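Counting from 24, one number per residue, gives the positions in the sequence shown under my numbering.
Structure, as structure tokens:
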Amino acid sequence: MVYLLLKHVHLTCVSLTLVLFSLRVYWRWTESARLQARWVRIVPHVIDSCLLASALGMVSILGWQVWIGAKITALFGYIWLGRLALKGKTPLQRFYALMGALGFFAYIVAVALTKSPVLGGLS
Ligand code: HEM
Numbered sequence: 024m025v026y027l028l029l030k031h032v033h034l035t036c037v038s039l040t041l042v043l044f045s046l047r048v049y050w051r052w053t054e055s056a057r058l059q060a061r062w063v064r065i066v067p068h069v070i071d072s073c074l075l076a077s078a079l080g081m082v083s084i085l086g087w088q089v090w091i092g093a094k095i096t097a098l099f100g101y102i103w104l105g106r107l108a109l110k111g112k113t114p115l116q117r118f119y120a121l122m123g124a125l126g127f128f129a130y131i132v133a134v135a136l137t138k139s140p141v142l143g144g145l146s
């Protein structure tokens, strides 16, 4: 029951974080002043904290698994390239960083669905 609740929170945060990240990239691209709004600088951190907290809650129930290690490692890649996609100096740098960040995001989702760091390939 608690696990299901945590999973719902996790999945809601996954959707919200992707929507907000896309919005911020769009505003960065169009050089919109909205990017500087107070809520835009605070809400993503709150959502990401909930995403991580719900994930750690599920891990505490499930126990450690190899695919969880892969998700955490890929999360660092997503965070790093996600920041670069917003703060990169040139449009080309931001574009490549965006592609990489979306690649990491897709990998994280695929690992979650297959429960395998190699996406079911070797199991
Ligand atoms: C951007 C980061 C993340 C994304 C996009 C993401 C995505 C997902 C998705 C789509 C699911 C649902 C899988 C299913 O329906 O079977 C899921 C489940 C889960 N995630 Fe994440 N996740 C992220 C971060 C994390 C992290 C950092 C951890 C571990 C610390 C984690 C642990 C879990 C666990 C334990 C489940 C439940 C698996 C299950 O019971 O089916 N997630 N995640």
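Backbone N, C-alpha and C fix where the C-beta goes; we use that ideal spot for every residue, glycine too.
All values derive from a computational prediction rather than experimental measurement.
In this structure, DSSP gives Val25 a helical state, which the three-state scheme calls helix. Taking a cut-off of 8 angstroms on C-beta distances, the stretch 72-89 does not touch the stretch 113-129, as fewer than three cross pairs fall below it. In the structure shown, Trp90 falls within a helical segment according to DSSP collapsed to helix, strand and coil. Rounded to the nearest whole angstrom, the C-alpha separation of Tyr49 and Leu58 is 9 angstroms. In chain order, Gly143 place their CB closer than 6 angstroms to the CB of Thr137, counting only its own chain and leaving out the 5 sequence neighbours on each side.
Apart from sequence neighbours up to five positions away, the residues of its chain that approach Ala93 with a beta-carbon distance below 6 angstroms are Val134, Pro140, ordered along the chain. Relative to the ligand HEM, the nearest heavy atom lies less than 6 angstroms away from the CB of Lys94.
Assigned with DSSP and collapsed to three states, Val66 falls in helix. At least one heavy atom of the ligand HEM is found less than 6 angstroms from the C-beta of Leu136. At least one heavy atom of the ligand HEM sits closer than 6 angstroms to the Cβ of Val37. DSSP places Gly105 within a helical segment (H, G or I) once states are collapsed to three.
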